[in-house]
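What follows is a set of notes on a single structure, which appears directly below.
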Amino acid sequence: MEREGLKPDAFTVSSLLPLCGSNYGRELHCYILKNELEVGVGSDVHLGCCMIEMYSKGDKVDVGRRVFYQMKHKNVYAWTAMINGYVQNGDSDEAMFLFREMQGRDGIEPNKCGSLNYSRRVFESNCFCRDAILWSSMISGYGLHGMGLEAIVLFDQMLRLGIKLDAITIVGVLSACSRSGLVKEGLIIYNTVVTDFGIKPTLEICACMVDMLSRSGRLNEALDFIANMPAKPGPSVWGALVSAAILHGDSEMKDLAYRSLIEIEPENPSNYVSLSNLYASSRRWDGVSEVRTMMKERGLKKLPGCSWISIDSETRSFYIADKAHHSSDMIYQMLDELIIAMKGAEFSPDFEILT
1 MEREGLKPDA FTVSSLLPLC GSNYGRELHC YILKNELEVG VGSDVHLGCC MIEMYSKGDK
61 VDVGRRVFYQ MKHKNVYAWT AMINGYVQNG DSDEAMFLFR EMQGRDGIEP NKCGSLNYSR
121 RVFESNCFCR DAILWSSMIS GYGLHGMGLE AIVLFDQMLR LGIKLDAITI VGVLSACSRS
181 GLVKEGLIIY NTVVTDFGIK PTLEICACMV DMLSRSGRLN EALDFIANMP AKPGPSVWGA
241 LVSAAILHGD SEMKDLAYRS LIEIEPENPS NYVSLSNLYA SSRRWDGVSE VRTMMKERGL
301 KKLPGCSWIS IDSETRSFYI ADKAHHSSDM IYQMLDELII AMKGAEFSPD FEILT
């Protein structure tokens with residue numbers, strides 16, 4: 001590359017660093033300094049992270065720490081690279097110290113990595129201080145990754161150890177059953193916690209049951225469950241039924257669920273609009289007219305469609321027929337040109353995705 005007269009930049013060097021051991025890595029570090037490549041500025045934060053990881057893997061985490069402190073701008077990825085470096089080298093105390101220091105910095109928020117293996121290791125390492133929160137978090141983690149059986153095994157262990165259950169734990173394990181299609185197991189768990197442990201079902205627990213039954217296609221059973229709930233079903237319960245009815249294409253169930261949502265939330269225009277769209281897709285124009293009359297009588301208006309776009313790290317929102325932007329004339333001219341080009345290419349849009 002250099003023989004061709006091309007000068008490597010920060011991205012070039014950062015792609016080489018993961019391939020290097022400490023010796024070649026130091027040579028690249030010298031190249032960075034000699035060519036005055038910025039480390040930790042704008043997009044070059046990635047270069048700094050790669051250097052930290054390279055030194056940490058080579059048992060030179062102290063050198064990686066110096067690189068870290070020399071970075072002018074440290075985002076969450078830089079902090080994570082440094083913390084991970086200490087973890088890899090067995091220095092958990094320094095890793096925790098750095099993590100606490102990160103939490104005290106403005107604009108730096110811990111993020112998620114979605115690693116169940118690491119989560120389980122943290123869970124197992126806290127064998128003497130596992131409270132309901134820790135158990136619930138691990139169960140929910142399995143559920144989010146579609147590992148319902150593992151969540152149930154952990155829930156059973158929790159029961160055997162006599163750890164007190166709460167609504168969050170039950171929601172976590174029922175959600176895991178729902179995502180994994182374990183309806184029979186979910187029903188057993190629900191009956192166990194209600195009958196044997198005397199736990200009163202909350203709306204969140206009931207919503208999970210409705211979601212589990214209806215998602216598996218047992219919509220009528222879900223409706224029976226709603227009818228026999230100890231408390232009046234809320235939006236989360238009917239919303240779960242709506243989602244499943246859409247999934248299984250059950251128009252009658254969608255009609256019932258939307259009307260129930262309108263009864264609970266009479267001031268929410270989105271429920272009316274969804275019901276109107278349902279009728280329109282079935283060409284039930286009398287139903288569309290009825291819903292529009294209801295909205296008019298209650299003084300409700302359909303919210304205009306809104307979208308957004310990020311330009312230069314700034315998010316800009318806009319609505320249908322929005323002309324608030326100072327360049328709106330130019331924007332609409334460009335849209336007209338795009339429409340003409342689409343017609344010339346005989347492009348046929350699919351309007352069904354808009355309903």
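Per the numbering used here, the very first residue in the sequence shown carries number 1; after that it's consecutive. Every residue gets a Cβ at the ideal spot worked out from N, C-alpha and C, and that includes glycine. Quick caveat: nothing in here was measured; it's all calculated off a predicted structure.
The Cβ atoms of residue 183 and residue 236 do not sit closer than 8 Å to each other.
The segment 95 to 104 and the segment 119 to 126 do not touch, with fewer than 3 CB-CB distances between them shorter than 8 Å. Straight-line spacing of the CA atoms in residue 168 and residue 153 works out to 17 Å. Residue 179 sits in a helix when the DSSP states are folded into three classes. Close CB contacts of residue 88 within its chain, under the 6 Å cut and outside five residues either way in sequence, are with 56 (chain order).
Residue 197 sits in coil when the DSSP states are folded into three classes, being neither helix nor strand.
When the five nearest sequence neighbours on each side are left out, the beta carbons in the same chain lying within less than 6 Å of the beta carbon of residue 68 are those of 52 and 82, in order along the chain. Proximity to residue 194 across 229, 287 and 223 peaks at 229, based on C-alpha coordinates.
DSSP places residue 47 within a helical segment (H, G or I) once states are collapsed to three.
Per the coordinates, the alpha-carbon of residue 274 lies some 18 Å from the alpha-carbon of residue 320. Under the DSSP assignment, residue 293 falls in the alpha helix (DSSP H) whose first and last residues are 285 to 297. Taking all protein chains in view, the Cβ of residue 211 is crowded by 16 or more other Cβ atoms within 10 Å, so the residue is classified as buried. The DSSP-derived three-state label of residue 1 is coil.
By the neighbour-count definition (other C-beta atoms within 10 Å, threshold 16), residue 326 is an exposed residue. Residue state for residue 29 is assigned as helix, using DSSP reduced to three classes.
Its chain contains no residue whose beta carbon lies nearer than 6 Å to that of residue 247 once the 5 sequence neighbours on both sides are disregarded.
For residue 344, the uninterrupted alpha helix (DSSP H) segment begins and ends at 328 to 344.
In the three-state scheme derived from DSSP, where H, G and I count as helix and E and B as strand, residue 268 is classed as coil.
By the CB criterion at 8 Å, residue 245 and residue 213 fall outside the cutoff. One thing to note: residue 295 has its Cβ within 8 Å of the Cβ of residue 269. Separation of the CB atoms of residue 173 and residue 205 is rounded to 10 Å, and the pair is thereby denied contact status at 8 Å. Looking at the backbone, the Cα of residue 101 and that of residue 47 are separated by about 22 Å. Residue environment analysis places residue 179 among the buried positions, since at least 16 neighbouring C-beta atoms fall within 10 angstroms of its C-beta. For residue 207, the secondary structure class from DSSP, reduced to helix, strand or coil, is helix.
Residue 282 places its beta carbon 8 Å or farther from that of residue 260.
Here the C-alpha atom of residue 241 lies approximately 17 Å from the C-alpha atom of residue 171. Proximity to residue 197 across 224, 162 and 231 peaks at 162, based on C-alpha coordinates. Distance from residue 189 to residue 208 at the Cβ level is roughly 10 Å; contact not present, criterion being Cβ atoms closer than 8 Å. Taking C-beta separations shorter than 7 Å and ignoring five residues to either side along the sequence, the partners of residue 331 in its chain run 325, following chain order. Measuring C-alpha to C-alpha distances from residue 105 to each of 62, 338 and 73 identifies 73 as the nearest.
If you ignore the 5 residues before and after residue 142, its C-beta comes within less than 8 Å of the C-beta of 116, 148, 150, 151, 154 and 176, all in its own chain and listed in chain order.
Scanning its chain for C-beta atoms nearer than 7 Å, with the 5 sequence neighbours on each side dropped, one finds around residue 181 the residues 216, in chain order.
Counting the other Cβ atoms within 10 Å of the Cβ of residue 122 gives fewer than 16, which makes it exposed.
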